[in-house]
Amino acid sequence: MWAFLGRLESILYLSSALSVMVQFNPGLPLRINQTHLLPSSLKNRRVGLKVEGSNFTLEGFPFLILAGTMHYFRVPRKYWRDRLKKLKACGFNTLTTHVPWNLHEPIKGQYLFTGNLDFEAFISMASQLDLWVIICPGPYIGSDLDLGGLPSWLLRDPKMKLRTTYQGFTKAMNRYFDQLIPRIEKLQYHYKGSIIAVQVENEYGAYNLDKKYMPYVKNALVKRKIQVMLMTADNGLELTKGHLEHELVTVHMRNIQRETYQDLISMQGPSPVLMTVYTASSVDTWGDIRQTANPQVLMKDVREMFNLKFSLNFYMFHGGTNFGFMGGAKILDSYCPAVTSYDYGALLRDDGEYTPEYTVYKEFFSSVIVFPSAPEPERIRKMVYKSVKTLYFMTLWEILPYLDQPIKSIKPISMENLPVNQDSGQAFGYTLYETTIFSGHVLYSRGHVQDRGQVFLNERFIGVLDHLTDQLPITRQDYQDTHLLRILVENQGRLASGKNINTERKGITGDIYLDNSPLRKFTIYNLEMRTRLLQRKLPSLWKPATEEVKGPAFFLGLLRVGDNPKDTFIKLEGWKKGVVFINGQNLGRYWDLGPQETLYLPGPWLRPGKNEIIVFEESESGMQIQFARAPHLGY
Ligand SMILES: *[C@@H]1O[C@H](CO)[C@@H](O)[C@H](O)[C@H]1NC(C)=O
Ligand SMILES: *[C@@H]1O[C@H](CO)[C@@H](O)[C@H](O)[C@H]1NC(C)=O
1 MWAFLGRLES ILYLSSALSV MVQFNPGLPL RINQTHLLPS SLKNRRVGLK VEGSNFTLEG
61 FPFLILAGTM HYFRVPRKYW RDRLKKLKAC GFNTLTTHVP WNLHEPIKGQ YLFTGNLDFE
121 AFISMASQLD LWVIICPGPY IGSDLDLGGL PSWLLRDPKM KLRTTYQGFT KAMNRYFDQL
181 IPRIEKLQYH YKGSIIAVQV ENEYGAYNLD KKYMPYVKNA LVKRKIQVML MTADNGLELT
241 KGHLEHELVT VHMRNIQRET YQDLISMQGP SPVLMTVYTA SSVDTWGDIR QTANPQVLMK
301 DVREMFNLKF SLNFYMFHGG TNFGFMGGAK ILDSYCPAVT SYDYGALLRD DGEYTPEYTV
361 YKEFFSSVIV FPSAPEPERI RKMVYKSVKT LYFMTLWEIL PYLDQPIKSI KPISMENLPV
421 NQDSGQAFGY TLYETTIFSG HVLYSRGHVQ DRGQVFLNER FIGVLDHLTD QLPITRQDYQ
481 DTHLLRILVE NQGRLASGKN INTERKGITG DIYLDNSPLR KFTIYNLEMR TRLLQRKLPS
541 LWKPATEEVK GPAFFLGLLR VGDNPKDTFI KLEGWKKGVV FINGQNLGRY WDLGPQETLY
601 LPGPWLRPGK NEIIVFEESE SGMQIQFARA PHLGY
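When we follow UniProt numbering, the leftmost residue of the sequence shown carries the number 1, and every step to the right adds one.
Structure, rendered in structure tokens:
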């Protein structure tokens, strides 16, 4: 959600900023009693959440929002209730969640609102557990997702200006909102639902390419009968740029400075402060060390914010997992793709396990707010299954003839522009580009391989082209009598934020040169790794795996489990880089680069008896699939 760099600064600035705040917010009576302000106790629904002076009020009573963010799409549906109960039991009164457009409309005009994407069921469940809800319908949500949750098919328009009033964007957004917003509308406070506020867009101040855009989005919501409080959320320095007149400004903690509060006051007078993104840590990226935060400093901040009557939202209360290819990337000095776990140093671990901080915050919250105690769900049992030692394999090259017709093109085509998925292009996964070459010494990618391309001559691996390496020598030996050049390119995640999202294209995005000539005449395979690919009836190509087998290849193993499948973690010792599927569900990427070493395998995705594990390994197999009781997310 925000760059790690902001973290230290924010801690340094917070205490001075807080002392400025004191004069605007006289101390609050400690241990406020809000038991009459629960969804079940507030039967009369007339005015909802309002701002009155420096207080939030709910139905006229002073109200402190204590919220935690959780994403239904990052948690297996079977565990929604467990995680929500844990939110409640910790003392939170509100759930915050975001809605990812790219997952709800993966193909233009085809909407998914069922299964793990049934957010209405998620919100109703929160409501049953007596939680209020703040929802962030976007259209852009950031959240460290691929393209910040925007569908990549938007990028098929070369003139696309994401997050602006450019017609190509607003038309698509309006079509989507026609599907989405009515579902939110009926869950609003006034209709006895639990949604008390809607966040308009997300951190627009940091982007700010079009002054007319935020009012446009607001109008798109109001027009579709959103009546609850609207709010904007920006980090401290960008409050004035992202805010909407007459709507509440809320703060992300990065770069909190004296000016932040002066800005707040000058924009909306003395008003309640909602810290919309208060966090323990940040997103981890491949090849980096694990992000951690000092829990004591965090606790001190939270205490101070309470004394000053801030309303708070923990981003994340529970991060969950970037299942599939949903994770995005950020740019610091270079391109940094997010790891699969979205643990985020949150109060619940990525698999939903309690952390020591959970208990500390729970005790603290109960010392400052009176809430009817809700039982803490029991811990979910984990299991270490016996290693799967018998593996079968088939190489990627063997499977190619059985895939959908490849695309022929003189020039390379980016993933987004491939004529597949009813003209929505390819959003995620890998694309294979093949062409024939006869001589030449060096390949130059000129930055056109996004993000990581393994290069082969026929089946002979010759190297990698990526963000850091843009040339690759080819020796005479490499040629031998083979001439089929193959570049297997992986989209490792589009940027989740920043102005560069408009230029994001994946796959091969322009000409690749062999010495001085651009390569031509490509055969292109869409390897999106959808369930369909894996469950396709293939002639039995699976053969017993041996040490010599090299990737890219699929490896199949069978995991037998008892009558009550339990959560576990897949340990990928000896494997290099790839993706794991369990019974057709994509568990996400692994990479020996670290820091993450295990993948979370939720028990509800296993079935009693035989389970099919497929590993797509790009280079070297570990020859067995092992399991662990706890996650290893790195140090
Ligand atoms: C909190 O308020 C409720 C009524 O709204 C009351 O029943 C309860 O006793 C109060 N609890 C405390 C600890 O003051
Ligand atoms: C805000 O709430 C407090 C109680 O929490 C109350 O004492 C104060 O009068 C309220 N202020 C306004 C402006 O409503």
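Backbone N, C-alpha and C define an ideal beta-carbon position, used for all residues, glycine too.
| Query | Result |
| --- | --- |
| Determine the extent of the beta strand (DSSP E) in which residue 589 is found, giving its start and end residues. | 585-591 |
| So residue 167 is in the alpha helix (DSSP H); what residue range does that whole segment cover? | 167-185 |
| Starting from the Cα of residue 180, find the closest Cα among 99, 231, 260, 193 and give me that residue. | 99 |
| Leaving out five residues before and five after residue 85 in sequence, what residues of the same chain have Cβ atoms less than 8 Å from its Cβ? | 129, 374, 375, 376, 377 |
| Going by alpha carbons, who is nearest to residue 480 out of 467, 83, 457, 596? | 457 |
| What's the C-alpha gap between residue 397 and residue 353? | 41 Å |
| On the premise that residue 142 lies in contact with residue 235, defined as a C-beta separation below 8 Å, what is that separation, rounded to the nearest angstrom? | About 11 Å; that fails the 8 Å criterion. |
| Which one of 229, 626, 506, 592 has the shortest CA to CA distance from residue 51? | 229 |
| Given residue 440, which residues of its chain have a CB within under 6 Å of its CB, disregarding the five upstream and five downstream residues? | 514, 515 |
| Cβ of residue 321 within 8 Å of Cβ of residue 74? | yes |
| With a threshold of 7 Å, establish whether the CB of residue 174 neighbours any heavy atom of ligand 1. | no |
| Pairing CB atoms from the region 325-344 with CB atoms from the region 605-619, are three or more of them under 8 Å? | no |
| Can you tell me whether residue 28 is helix, strand or coil according to DSSP? | Because residue 28 sits at a pLDDT of 47, beneath the cut-off of 50, its placement in the model cannot be relied upon, and the point is left open. |
| Which residues have a Cβ closer than 5 Å to any heavy atom of ligand 1, listed in chain order? | 33, 35, 36, 370 |
| If you follow the alpha helix (DSSP H) that residue 364 is in, where does it begin and where does it stop? | 356-368 |
| What residues are listed by DSSP as bridge partners for residue 336? | 330 |
| Since residue 430 and residue 490 should fall inside the 8 Å C-beta cutoff, what is the C-beta to C-beta distance between them, to a whole number of angstroms? | 5 Å |
| Ignore the nearest five residues each way along the sequence and tell me which others in residue 190's own chain have a CB closer than 7 Å to its CB. | 45, 48, 227 |
| Looking at ligand 3, does it come within less than 7 Å of residue 508, judged from the CB to the closest heavy atom? | Here the bound small molecules are ligand 1 and ligand 2; ligand 3 is not part of this structure. |
| Evaluate contact between the region 447-455 and the region 170-184, counting only Cβ atoms and requiring at least three cross-stretch pairs below 8 Å. | no |
| According to DSSP, is residue 68 part of a helix, a strand, or is it coil? | strand |
| Is residue 52 helix, strand or coil when you go by DSSP? | strand |
| Here's the rule: buried if 16 or more other CB atoms are within 10 angstroms of the residue's CB, otherwise exposed. What is residue 445? | buried |
| Jot down the residue ranges of each uninterrupted alpha helix (DSSP H) in the region 223-249, minimum 4 residues, whole runs only, in chain order. | 239-242 |
| Between the C-alpha atoms of residue 380 and residue 302, what's the straight-line distance to the nearest angstrom? | 28 Å |
| Tell me the rounded alpha-carbon separation between residue 574 and residue 617. | 11 Å |
| Less than 6 Å between C-beta atoms, sequence neighbours within five positions excluded: which residues of the same chain meet that for residue 395? | 553 |
| By Cβ distance below 6 Å, which residues in the same chain neighbour residue 557 in space, the five residues on each side in sequence not counted? | 388, 391, 613, 625 |
| From 465, 433, 432, 459, pick the residue whose C-alpha is nearest to that of residue 447; which is it? | 465 |
| Where residue 92 and residue 131 are concerned, what is the direct C-alpha to C-alpha distance, given to the nearest angstrom? | 8 Å |
| I'd like to check one pair, residue 326 with residue 210: are the Cβ atoms closer than 8 Å? | no |
| With 16 other CB atoms within 10 Å as the buried threshold, where does residue 104 fall? | buried |
| In whole angstroms, give me the CA-to-CA distance for residue 593 and residue 586. | 20 Å |
| Residues in the same chain with beta-carbon distance under 8 Å from residue 224, minus the five sequence neighbours each way, listed in chain order, please. | 177, 178, 181, 182, 185 |
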